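The structure appears right after this line, and notes come after that.
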Amino acid sequence: MRERAAVYRFVPTRKRHCGSVCEPGHCGSSSRPQMLLVAGVQSRETTEETDQRQQRGFVDRVSVFGVKRCENFEKETTTPDDAQAVMVSCTVDSKVDGGGGQRGKPIYENVHAIPNPEKVRNRTRRNDSQQSTTFGTVALSRKLSVLLLGIDSVSRLNFIRSMPITERYLLETGWLRFDGYNKMGDNTFPNLMAILTGQNQSQAYSLCKPTVPYMLDRCPFLWKNFRDAGYATAYGEDETALNTFNYLKMGFVEPPTDYYLRPYMLACEKLLKVKKRFGLKYCTGPETSFDRILDYAIEYARAFRGSPYFGFFWTISVSHENANGLSSMDGRLLDKLKRLENEGIANDTMIVLLSDHGMRWGPIRNTFVGWYEERLPFLYLWLPEWFREERPEAYSSLRANQRRLISPFDLYETLRDVLQLSGGSANPSSGCPGCRSLLAGPVPLERGCSDVGISSHWCACSAFESVDPRDPIVQKGAQVFLDHVDKLLDGYRDKKGRRLCAKLRLKKLHRVDRVIDFGNSSSVAYFYMIQVSPGDGKLEVTVRYHENGTYTLSDHEVSRINPYASTAECLDRGTKQYCHCLK
2 MRERAAVYRF VPTRKRHCGS VCEPGHCGSS SRPQMLLVAG VQSRETTEET
52 DQRQQRGFVD RVSVFGVKRC ENFEKETTTP DDAQAVMVSC TVDSKVDGGG
102 GQRGKPIYEN VHAIPNPEKV RNRTRRNDSQ QSTTFGTVAL SRKLSVLLLG
152 IDSVSRLNFI RSMPITERYL LETGWLRFDG YNKMGDNTFP NLMAILTGQN
202 QSQAYSLCKP TVPYMLDRCP FLWKNFRDAG YATAYGEDET ALNTFNYLKM
252 GFVEPPTDYY LRPYMLACEK LLKVKKRFGL KYCTGPETSF DRILDYAIEY
302 ARAFRGSPYF GFFWTISVSH ENANGLSSMD GRLLDKLKRL ENEGIANDTM
352 IVLLSDHGMR WGPIRNTFVG WYEERLPFLY LWLPEWFREE RPEAYSSLRA
402 NQRRLISPFD LYETLRDVLQ LSGGSANPSS GCPGCRSLLA GPVPLERGCS
452 DVGISSHWCA CSAFESVDPR DPIVQKGAQV FLDHVDKLLD GYRDKKGRRL
502 CAKLRLKKLH RVDRVIDFGN SSSVAYFYMI QVSPGDGKLE VTVRYHENGT
552 YTLSDHEVSR INPYASTAEC LDRGTKQYCH CLK
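The opening residue of the sequence shown carries number 2 in this note's numbering; numbering runs sequentially from there.
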């Protein structure tokens, strides 16, 4: 059913150095004393800025950060309690350099995050003492910490191709790989909302309203439940322009977790030299963005070693735009996983290594296997030895589920199960009432995608049969989709009332298949791959034809399989995947 003639060639890439990585105190020679400057980075916002951003939309409070005046210091200094990060500049002393009172050229500049554990110690201790009356009993000998490490847009097969050294290490050291993990929505937002809230995409937009100020702050993220159970919490992503809750969304007005990395990453991107690779910010100063996020995750986990913590960290910069980019980080990721083991972090932590989906466009997406890879992201899970011994039935259950169909909703239920075992509580998934914890027994072998909250459009198990594209029912279905798109796009206009996006017309119907329904549905689902003009956009869409002659479709069941960012720049909201801007 896919373009079988399309060919994709995997080309491994190498890591590039970002520049000087010397630490303060070790830059330059002894004959040139250093002057170190420090600047505290904080989130801030004025009323005027708030009003301006609400008019523009889709920018959050912590997208603005303040940099305090630099302070000179010798050997060491104390950072303010409210500083989330510091920028350090190491320069040659002007007196030694003969600069006539002018500061010399910096020989080291970097921004460092400050994960200060003391700011939450009192709360976590207080919650521990109140736990017996406020929450359930801890069913484990100790609370199990949770660390989620995500890499955007990586299928299971591409992870194996790109990270052979890391994958070998994972399998040899007791990590479990889940081969039947299937995404539930198109892009990052719905898949992460399913994991972090248990909501499906419709619920996430209707209940959490991510395009409305303050609504994401009120959303029932699991990190809130872990916080209430006495856990420290942290969340961070690199590539701030594409952050899950900020891209075309309002973001958080207040920091959502105890430790929130967005101000730190904004400072890195704005105050340091940026080098792009694979279309995104590969280097920020002397470090890769990939390293910054995962190194912080390790430092955060190490700071709370022995105390319960929940951490969610996501990296976009090396994998989002190029299927070959991740291979440049094979050795780096291996080093970080070994640090988790060698520094004792893995001894008290459930670690989840995952992606949201595979590549959604580009050469690989045009291949037969690319259709499957988009739907099957990678998922690995680690449980410490003491948990396996205390809960052997849970670990056996996890192993039994490695080759069965599971979804992000099952992962939500698994995290909820860990929370309950650690004395906390959270509501069951509203997006998939039938989904279950992977620790609670083997899931049914005969599971279908509809059982785990996945529509036929995103289901890698879907079966298809070809139909005649000249069939009037089929042709009308394609036109129904185009009419639907035009109605949406007609609502986007400039201040003078002029339409922003072109009216799309069918250029080519590449194929259409009927989704084989093994149930007793009263509708027939047709899966189209069409090309539209202007712009040559390629879209896959599912349209349902009902017995009464009507058609239905959902924007949540549409895939744009070629890039559109450059042709949809006139929109800062809405369904950009349909828009071809009128010049």
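C-beta atoms are modelled at their ideal positions from N, C-alpha and C, and glycine is treated no differently.
The model shown is predicted, which means the values in this text are computed figures rather than measured ones.
- Straight-line Cα distance separating Arg-405 from Asp-452: 13 Å
- Item | Given 8 Å, three or more beta-carbon pairs between the region 312-324 and the region 274-283 | yes
- Buried or exposed: where does Pro-1 fall if 16 or more other Cβ atoms within 10 Å of its Cβ makes it buried? Outside the shown range of the chain, which is 2 to 584, sits residue 1, and nothing can be said about it.
- Could I get the ranges of all uninterrupted beta strand (DSSP E) runs contained in the region 182-257, with 3 residues as the minimum, in chain order? 233-238
- Ala-566 by DSSP, collapsed to three states: which one? helix
- Message: For Tyr-170, which residues in the same chain have their Cβ closer than 7 Å to its Cβ, ignoring the five residues on either side in sequence?
- Response: Leu-335, Leu-338
- The beta strand (DSSP E) spanning Phe-147 covers which residue range? The amino acid occupying residue 147 in the given sequence is Val; Phe does not appear at that position. From DSSP, the beta strand (DSSP E) with Val-147 extends over 146-152.
- Closest by CA to Ser-560, which one among Leu-273, Gly-371, Asp-259? Gly-371
- Task: State the Cα-Cα distance for the pair Ala-503 and Met-216, rounded to the nearest angstrom.
- Result: 32 Å
- Query: In its own chain, which residues sit with a C-beta less than 7 Å from the C-beta of Gly-186, not counting the 5 before and 5 after it?
  - Reply: Asn-192, Gln-202, Trp-459, His-557
- If you drop the 5 nearest sequence neighbours on each side, which residues of the same chain put their C-beta closer than 7 Å to that of His-485? Leu-554
- Tell me, please, which residues DSSP counts as bridged to Glu-288. Thr-285
- Item | Residues that Asn-111 bridges to, as DSSP identifies them | Val-89
- Query: In chain order, what residues of the same chain lie with their CB nearer than 7 Å to the CB of Gly-181, ignoring the 5 residues before and after it?
  - Reply: Arg-404, Arg-405, Leu-406, Ile-407
- Identify whether Leu-489 lies in helix, strand or coil by the three-state DSSP scheme. helix
- Message: Checking the sheet assignment: what are the DSSP bridge partners for Ala-526?
- Response: Arg-545
- Item | Meets three-Cβ-pair contact criterion under 8 Å: the region 527-536 and the region 433-448 | no
- Alpha-carbon to alpha-carbon, Asp-495 and Arg-57: The pLDDT assigned to Arg-57 is 41, lower than 50, so where the model puts this residue is not dependable; a value taken from the coordinates is nonetheless given after this. The straight-line gap from Cα to Cα measures roughly 13 Å.
- Message: Please report the straight-line C-alpha distance between Cys-209 and Gly-252, rounded to a whole angstrom.
- Response: 11 Å
- Item | Cβ pair count under 8 Å reaching 3, the region 248-264 against the region 73-83 | no
- Can you give the Cα-Cα distance for Glu-4 and Pro-364, rounded to whole angstroms? With a pLDDT of 46 at Glu-4, under the threshold of 50, the modelled position of that residue is not reliable, and no figure is offered here.
- Task: Check the DSSP bridge columns for Pro-378 and list the partner residues they point to.
- Result: Ser-156
- Message: Quick test of your reading: Leu-377 and Ser-154, contact by CB under 8 Å. State the CB separation rounded to the nearest angstrom.
- Response: Incorrect: roughly 12 Å between the Cβ atoms, too far for contact.
- Per DSSP, what kind of secondary structure is Lys-276 in: helix, strand or coil? strand
- the region 455-469 touching the region 509-524, judged by at least three CB pairs closer than 8 Å: yes
- Task: Write down the C-beta distance between Leu-295 and Phe-314 rounded to the nearest angstrom, noting that I regard them as a contact closer than 8 Å.
- Result: 7 Å
- Query: Can you check whether the CB of Gln-204 is closer than 7 Å to the CB of Gly-435?
  - Reply: no
- Query: For the putative contact between Pro-214 and Val-254, defined by C-beta atoms under 8 Å, what is the C-beta separation to the nearest angstrom?
  - Reply: 6 Å
- Query: Exposed or buried, Gly-1, counting other C-beta atoms within 10 Å across all chains shown (16 or more means buried)?
  - Reply: In the structure as shown, the chain begins at 2 and stops at 584. Residue 1 is therefore absent and cannot be evaluated.
- Message: Suppose you measure from the CA of Lys-16 to the CA of Phe-279; what does that come to, to the nearest Å?
- Response: 12 Å
- Query: Are Pro-564 and Trp-362 close, meaning C-beta to C-beta below 7 Å?
  - Reply: yes
- Which first and last residues belong to the beta strand (DSSP E) in which Asn-73 is found? 72-74
- Asp-418 versus Met-351, Arg-400, Arg-448, residue with shortest Cα-Cα distance: Met-351
- Item | Three-state class that DSSP yields for Arg-340 in the structure shown | helix
- Thinking Leu-355 and Leu-149 are a contact (beta carbons under 8 Å), I'd like their distance in whole angstroms, please. 7 Å
- Task: Specify, as a first and last residue, the run of the alpha helix (DSSP H) that Glu-414 falls within.
- Result: 409-422
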